[in-house]
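S.K.: Residues 21 to 284, numbered by the numbering used here, are exactly what the sequence shown covers, in order.
Glycine is no exception: its CB is placed at the ideal position from the N, C-alpha and C atoms.
It should be emphasised that the depicted structure is a prediction, and the values quoted were computed from it without experimental measurement.
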Amino acid sequence: MSAEQLIEYRGNCHCGAFKFTFKAAALKQAYACNCSFCSKNGYLWAFPATSEDFVVVKGDEDSTLKTYEFGKRTMAHKFCPTCGTSVMARIHSRQAVGINIRALVDVDTATLEVITSDGAATEPPYQIPEPLAVGPVAEGTTVYTGSCHCGAVGYNVLSLKPLTAATACNCSICHRDAAVWIYPDTTTVSFKGLDSLVEYSFGQKESIHGFCGTCGVAIRERFDGSDFDWTTAINIRTMNGLDMAAMDITMDDGKARLPVYEVP
Numbered sequence: 021m022s023a024e025q026l027i028e029y030r031g032n033c034h035c036g037a038f039k040f041t042f043k044a045a046a047l048k049q050a051y052a053c054n055c056s057f058c059s060k061n062g063y064l065w066a067f068p069a070t071s072e073d074f075v076v077v078k079g080d081e082d083s084t085l086k087t088y089e090f091g092k093r094t095m096a097h098k099f100c101p102t103c104g105t106s107v108m109a110r111i112h113s114r115q116a117v118g119i120n121i122r123a124l125v126d127v128d129t130a131t132l133e134v135i136t137s138d139g140a141a142t143e144p145p146y147q148i149p150e151p152l153a154v155g156p157v158a159e160g161t162t163v164y165t166g167s168c169h170c171g172a173v174g175y176n177v178l179s180l181k182p183l184t185a186a187t188a189c190n191c192s193i194c195h196r197d198a199a200v201w202i203y204p205d206t207t208t209v210s211f212k213g214l215d216s217l218v219e220y221s222f223g224q225k226e227s228i229h230g231f232c233g234t235c236g237v238a239i240r241e242r243f244d245g246s247d248f249d250w251t252t253a254i255n256i257r258t259m260n261g262l263d264m265a266a267m268d269i270t271m272d273d274g275k276a277r278l279p280v281y282e283v284p
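Written out as structure tokens, the structure is:
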């Protein structure tokens, strides 16, 4: 493949601490994986033509980003410890770089053909972290459990009705996190490990995003001091045993709300 056929793409974590470029053929496809970690992160992968075609513009891959590995440790997943954006991964066996397309600037992921690989079948069986204990619940109540990937942060949601619908958002942070939200009353949600939760807010600071400081998985939003402070948003990608394909997911056009996000 000649250099003339390559396009240079730009990307960054949300807070702008880490910025990069990479060259690849025009992005028409994205690669997804159904393994335990990629599923929680909603990764959409792209791969530079060569490892040399990935260039760090700001920050340092090893000191600005935090690394998380699991299973056979075949990949070093890297995320920003300030804003939680999962940026990239190093594939040890091939000395290759995988880029999370969601971190790119000016790429419409909705136009990409998504090709899914069965990573769940090749990794060692993922052991779901021990759920948060729950006491007696009212008859007819369903208990939904979930956690980040490493299990440092977990939660329960009590619901009188089965979960059938959720909301995705295309704003600058939710898009990067691939978050899909439900909005239960805060009184129905219990957490463990909140000392491991890192919080990040930006813009008008109307919502506070929380992600695991160890594995980087986005878990919740809270809305202190706003009209929505009665609710806690939960990212259903982190729920145990929930069939995402069966959910009615609508899109919230957060990208259209002011102020317009600008890369710091």
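Quick check on Asp273: buried or exposed, where buried means 16 or more other Cβ atoms within 10 Å of its Cβ?
M.R.: Exposed: under 16 other Cβ atoms inside 10 Å.
S.K.: Would you call Ser113 buried or exposed, if buried means 16 or more other Cβ atoms sit within 10 Å of its Cβ?
M.R.: With fewer than 16 other Cβ atoms within 10 Å, it is exposed.
S.K.: Under the DSSP definition of a beta bridge, which residues are partnered with Asn176?
M.R.: In DSSP, Asn176 forms a bridge with Thr165 and Ser210.
S.K.: Please go through the same chain and pick out, in chain order, the residues whose beta-carbon is closer than 6 angstroms to the beta-carbon of Phe74, but skip the five residues on each side of it.
M.R.: Answer for Phe74: Phe42, Pro68 and Val117, listed in chain order.
S.K.: Helix or strand or just coil, what does DSSP make of His34?
M.R.: His34: coil per DSSP, three-state reduction.
S.K.: Is DSSP giving Ile9 helix, strand or coil here?
M.R.: Here the chain covers residues 21 to 284 and nothing more, so residue 9 does not appear.
S.K.: Report the residue ranges of all beta strand (DSSP E) runs contained in full by the segment 47 to 111; include only those spanning at least 3 residues, in chain order.
M.R.: Taking only runs of at least 3 residues, the beta strand (DSSP E) segments lying wholly in the segment 47 to 111 are 49 to 53, 74 to 78, 86 to 88, 95 to 99 and 106 to 111.
S.K.: Within its chain, find whatever has a CB closer than 7 angstroms to the CB of Gly160; leave out the 5 residues flanking it on each side and keep chain order.
M.R.: Leu180.
S.K.: Taking a contact to mean a Cβ-Cβ separation below 9 angstroms, would you say Cys103 touches Cys168 in this structure?
M.R.: Result no, Cβ atoms of Cys103 and Cys168 do not sit closer than 9 angstroms.
S.K.: Just tell me which of Phe38, Arg196 and Ser192 has its CA closest to the CA of Lys86.
M.R.: Residue Phe38 is the option with its Cα nearest to Lys86.
S.K.: Measuring CA to CA, which of Cys194, Ile119 and Leu183 is closest to Gly261?
M.R.: The option with the nearest alpha carbon to Gly261 is Leu183.
S.K.: Who are Lys225's beta bridge partners in DSSP?
M.R.: Lys225 is not bridged to any residue.
S.K.: Taking C-beta to C-beta, are Ala238 and Thr258 nearer than 9 angstroms?
M.R.: It is a contact, given that the beta carbons lie within the stated cut-off.
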